[in-house]
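First residue of the sequence shown: 9, per my numbering; consecutive thereafter. No residue lacks a Cβ here, since even glycine has one placed at the ideal position from N, Cα and C. Inspection log for the structure reproduced underneath, given as structure tokens.
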Amino acid sequence: MTASGSRRRCSGRPRTTPPTEPRAPSAYWNPSLGSADADLLDELDTIRGRSRDLRRNESLTASAYQTYRDNIVGHVLRLSAQPDYRMLDRDKEWADEWGNGAESWFHTWSDSTECDAARTQTLIGLDPSSADRRAD
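As structure tokens, then:
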């Protein structure tokens, strides 16, 4: 029906005037057919800047990023040292002792700044920064 209340008739001819009803949003979607590099490289700095700004200043984006980072790194890095004592021609008791010692050493090292070349972060502090680089 038209605005005046009369019914429209289909004449089978192409419409010559613009439609009065809104089009579906996808009707205006005209994606590029180029490669990912061709589509993004010219705008890469702008995209990175905007994504970093959203990550810092928009709570939903920050929350999604934190979930992404936690799923990559987790909240704790833990070594599970289980040497193949049969191949090493040792017994299970030796393997347990060696594994416990290695885990203790790793825990001490990873909780200190000795694991960082700049001596500023612990291991858990270093890993999220690697996830940051992957997200950019």
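Check your understanding: Considering only the beta carbon of each residue, do Asp119 and Leu134 sit closer than 8 angstroms?
Key -> Indexing the sequence shown from 1 puts residue 119 at position 111. Indexing the sequence shown from 1 puts residue 134 at position 126. Cβ distance not < 8 angstroms, so Asp119 and Leu134 don't count as in contact.
Exercise for review: Go to Arg87, then tell me how far its alpha helix (DSSP H) extends in each direction, as first and last residue.
Suggested key: Position 79 of the sequence shown, counted from the first residue, corresponds to residue 87. Checking the sequence shown, residue 87 turns out to be Leu, not Arg. No alpha helix (DSSP H) contains Leu87, which DSSP labels as neither H nor E.
Exercise for review: Select from Lys100, Thr128, Ser43 the residue whose C-alpha is nearest the C-alpha of Glu89.
Suggested key: Sequence index remark: in the sequence shown, residue 89 carries index 81 (1-based). Checking the sequence, you will find Ala at residue 89 rather than Glu. For the residues Lys100, Thr128, Ser43, the minimum Cα distance to Ala89 belongs to Lys100.
Practice item. Name the two residues that bound the continuous alpha helix (DSSP H) containing Leu52. Key: Residue mapping note: residue 52 aligns to position 44 of the sequence shown, counting from 1. Per DSSP, the unbroken alpha helix (DSSP H) holding Leu52 starts and ends at 52–65.
Check your understanding: Do Arg63 and Thr54 have their C-beta atoms within less than 8 angstroms of each other?
Key -> Here the question's residue 63 lines up with position 55 in the sequence shown. Here the question's residue 54 lines up with position 46 in the sequence shown. It is not a contact, given that the beta carbons lie outside the stated cut-off.
**Study point:** Leu87 vs Ile132 beta-carbon contact at 8 angstroms
**Key:** The count along the sequence shown starts at 1 and reaches residue 87 at position 79. The count along the sequence shown starts at 1 and reaches residue 132 at position 124. Taking C-beta atoms as the reference points, Leu87 and Ile132 fail to come closer than 8 angstroms.
Exercise for review: Could you check the C-alpha separation between Thr8 and His115 for me, to the nearest Å?
Suggested key: Examination of residue 8 is not possible in this model, given that the chain is present from 9 through 144 alone.
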